[in-house]
Amino acid sequence: MVRNLFSISFFFCLFTLTSYAQFGIEVNYGLNGVLQPNITNFSHIGGGLLYDFNESFGAKLDFGSDQFRTDNTFFNKESGINITRFSLQGTANISDLIDPTSLYSSFNLSGHLGGGYSFIKSTEHKNSDNTVNAIIGLTPKLKITQGLYFAVDASVIFNLSQHYGFDGEYTYDNYPNSITGIMYNVTGGLIYKFNEYY
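In our numbering, each number is its position in the sequence shown, counted from 1, plus 746.
Have a look at this one:
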């Protein structure tokens with residue numbers, strides 16, 4: 747009896763989630779930068795898989811690829827790093843949480859927060875740096891047509907215990923002193939949601 751009740755409850759919850767469940771994909775391109783040293787490039791590309799549990803909350807698995815280059819007096823040439831990031835994030839439709847009727851509007855604002863793994867390669871050193879990342883951002887979206895959105899995203903990424911600076915140099919000399927690398931992305935892109943019905 748208890749087992750049957752548990753099974754019925756489990757499948758009811760599963761049906762409730764999947765009755766709305768909405769998959770999507772996103773691609774984006776744009777600006778990346780850091781404040782120290784001051785580097786700004788149009789060299790970010792990214793994409794991801796989206797999953798909405800309901801109108802307000804969801805998750806996404808995404809990646810980003812960024813290049814940072816600067817004139818380095820130490821190396822007497824241009825140097826920097828390449829970063830490839832993978833992250834799992836929770837998403838929230840901020841507009842819907844404030845006003846549920848905004849779901850039917852052509853414009854809405856979402857937020858995202860999560861973490862993952864970053865692979866960092868210096869142009870000047872052979873060894874790679876493997877770090878954990880944390881990311882937070884806001885995404886205004888404008889509906890173009892059924893299921894298709896133009897999105898602008900502004901995100902801040904923290905690479906925890908980053909051993910290469912954004913200029914490609916080690917962040918320590920005679921003793922290990924890892925830092926947290928802070929970077930940002932401002933991108934434009936497209937989001938497509940399958941089986942969207944509103």
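Note that beta-carbon positions come from the ideal geometry of N, C-alpha and C, so glycine has one too.
No experiment lies behind these values; they were computed from the predicted model shown.
Whole-angstrom distance between residue j and residue i, CA atom to CA atom
{"i": "Lys867", "j": "Asn822", "result": "19 Å"}
{"i": "Leu874", "j": "Phe865", "result": "Just to set this straight, residue 874 is Ser in the shown sequence, not Leu. When rounded, the distance between both Cα atoms is 7 Å."}
{"i": "Phe814", "j": "Gly861", "result": "21 Å"}
{"i": "Leu795", "j": "Ala900", "result": "18 Å"}
{"i": "Ile827", "j": "Gln782", "result": "14 Å"}
{"i": "Asp945", "j": "Ile937", "result": "Nothing about residue 945 can be reported from this structure: the residues present for the chain run from 747 to 944 only."}
{"i": "Glu824", "j": "Ile785", "result": "12 Å"}
{"i": "His871", "j": "Ile882", "result": "30 Å"}
{"i": "Ile844", "j": "Phe788", "result": "34 Å"}
{"i": "Tyr854", "j": "Thr869", "result": "The residue you asked about is not Tyr; residue 854 is Asn in the sequence shown. C-alpha separation (whole angstroms): 40 Å."}
Same chain, Cβ closer than 6 Å to residue i, neighbours up to 5 away in sequence not counted
{"i": "Leu863", "result": "Residue identity check: residue 863 is Tyr in the sequence provided, not Leu. The residues are Phe832."}
{"i": "Phe940", "result": "Phe769"}
{"i": "Gly934", "result": "Gly776, Val898"}
{"i": "Asn931", "result": "Asn778, His790, Ser901"}
{"i": "Thr830", "result": "Ser811, Phe865"}
{"i": "Val780", "result": "Phe912, Met929"}
Cβ pair residue i, residue j closer than 8 Å
{"i": "Asn879", "j": "Leu906", "result": "yes"}
{"i": "Ile791", "j": "Ser811", "result": "yes"}
{"i": "Lys806", "j": "Ser852", "result": "no"}
{"i": "Asn818", "j": "Gly914", "result": "yes"}
{"i": "Ile928", "j": "Phe896", "result": "no"}
DSSP beta-bridge partners of residue i
{"i": "Ile791", "result": "Tyr775, Ser811"}
{"i": "Asp899", "result": "Thr933"}
{"i": "Thr819", "result": "In the DSSP output, where bridge partners are listed per residue, Thr819 has none listed."}
{"i": "Tyr916", "result": "Tyr910"}
{"i": "Ser833", "result": "Asp808, Gly862"}
{"i": "Ser825", "result": "Thr816"}
Residue range of the unbroken alpha helix (DSSP H) whose run includes residue i
{"i": "Asp842", "result": "840-844"}
Same chain only: Cβ atoms within 8 Å of residue i, ignoring 5 sequence neighbours per side
{"i": "Phe803", "result": "Gly836, Thr837, Ala838, Asn839"}
{"i": "Phe809", "result": "Gly792, Gly793, Gly794, Thr830, Arg831, Phe832, Ser833"}
{"i": "Asn876", "result": "Tyr863, Ser864, Phe865, Ile866"}
Residues near residue i by beta carbon distance below 7 Å, same chain, minus five either side
{"i": "Glu946", "result": "There is simply no residue 946 to check, as the chain begins at 747 and stops at 944 in what is shown."}
{"i": "Ser856", "result": "Thr837, Ala838, Asn839, Ile840, Thr885, Lys887"}
{"i": "Val773", "result": "Gly793, Gly935, Leu936"}
Residue i - containing beta strand (DSSP E), residue span
{"i": "Ala880", "result": "874-891"}
{"i": "His858", "result": "853-868"}
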